[in-house]
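When we follow the UniProt record's numbering, the leftmost residue of the sequence shown carries the number 1, and every step to the right adds one. Cβ coordinates follow ideal geometry from the N, Cα and C atoms, glycine included. I have placed the structure first, in the form of structure tokens, so that the comments after it can refer back to it.
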Amino acid sequence: METSDLLKRVRQIEIKTRGLSSNIFAGEYHTAFKGRGMTFSEVRAYQYGDDIRSIDWNVTARYNHPYVKIFEEERELTVMLLIDVSASRNFGTVSKLKKNQITEIAAVLAFSAIQNNDKIGVIFFSDRIEKFIPPKKGRTHILHIIRELVDFYPEHKATNISVALQYLTNAIKKRCTCFLISDFMDDHDFEHPLIIANKKHDVVALQLYDRREKILPPVGLMYLTDAETGESVWVDTSDKKVRDEFEAYGIERDKELDRIFKHAGVDMASISADEDYVRSLITLFKKRGAGY
């Protein structure tokens, strides 16, 4: 992409997603993703109704009057985006490629993070780690992330989510909130690495899909190519049995994903490439906020 076109695209995404994160997601994000705990703020004189367990006995002894410790919620988070950049993201049959939807959602999450004074970092992965952007704060850092989202070209086409989760677990030492953004078209078993990652961090899964990956239209013979393996096959979509088997396979795949996420204790939202992702994200945030 030419530099001028890239900057224009980055600017368009910034205007749209920064507005969404400011006007729509700010409160929901703050509630859904809390800090790591409580941090000491100050001491003050004991007041009627204060919890006696919060009394600071050293200060109390010094002044011969009861004082209590005051704590505040530690708000600062580290947010990591684990973004699938395998070849299957370059698919879209309606208004958007999955890649473009992923870019906007990641940008919204990034702006939501910095507006809450959180650090944000990114791990791009295919069947290996393609690029790691360490977590930082600030608008300049966010624009760097968006440029990479728009114009990053991976070296490999396949998918291995386990590799990304293992890298996250090893590379990020302190607990973080992690958004795993993928279509989850992965033949590898990533359940165990997901469980381990979610014990150390707070993992949230966002599944991006195209409707034609679930239901085939009856349009006759179609020549389909797997973007990741290069394998091709002719499919007769006028055959109802073929369409029914394809749909049944998609349903079973989604059921298995749902089972994996529930077993791992991971919240998940499924978002179509051509739908408005705002409602799905707000529903997810409210669900998490209600759980605190």
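{"Check": "Over the uninterrupted alpha helix (DSSP H) stretch that includes P193, give me the two end residues.", "Outcome": "191-200"}
{"Check": "Let's see if you can read the secondary structure: which residues bound the beta strand (DSSP E) around D84?", "Outcome": "78-84"}
{"Check": "Is I215 buried or exposed, if buried means 16 or more other CB atoms sit within 10 Å of its CB?", "Outcome": "exposed"}
{"Check": "Mapping the DSSP letters down to three states, classify A273 as helix, strand or coil.", "Outcome": "coil"}
{"Check": "Among residues of its own chain, excluding the 5 on either side of T78, which ones have a beta-carbon nearer than 6 Å to its beta-carbon?", "Outcome": "K119, P135, C176"}
{"Check": "How would you write the range of the alpha helix (DSSP H) that T60 sits in, first residue to last?", "Outcome": "57-63"}
{"Check": "Buried or exposed for N64, please, with buried defined as at least 16 other CB atoms from any protein chain shown within 10 angstroms of its CB.", "Outcome": "exposed"}
{"Check": "Looking at the structure shown, is R36 part of a helix, part of a strand, or coil, going by DSSP?", "Outcome": "With a pLDDT of only 48 at R36, under the threshold of 50, the placement of this residue in the model should not be trusted, and no figure is reported."}
{"Check": "Could you check where the alpha helix (DSSP H) with F179 kicks off and where it finishes?", "Outcome": "Per DSSP, F179 belongs to no alpha helix (DSSP H); it is in the beta strand (DSSP E), 177-182."}
{"Check": "Taking only the alpha-carbon atoms, compute the straight-line gap between T237 and F91 and give it to the nearest angstrom.", "Outcome": "19 Å"}
{"Check": "Check the DSSP bridge columns for Y153 and list the partner residues they point to.", "Outcome": "Answer is none; Y153 lacks a bridge partner."}
{"Check": "Check this for me: beta carbons of V122 and E148, under 9 Å apart or not?", "Outcome": "yes"}
{"Check": "Nearest CA to the CA of F98: which residue from E213, T169, W57, A197?", "Outcome": "Note on residue identity: the sequence assigns Lys, not Phe, to residue 98. Among E213, T169, W57, A197, the Cα nearest to that of K98 is on E213."}
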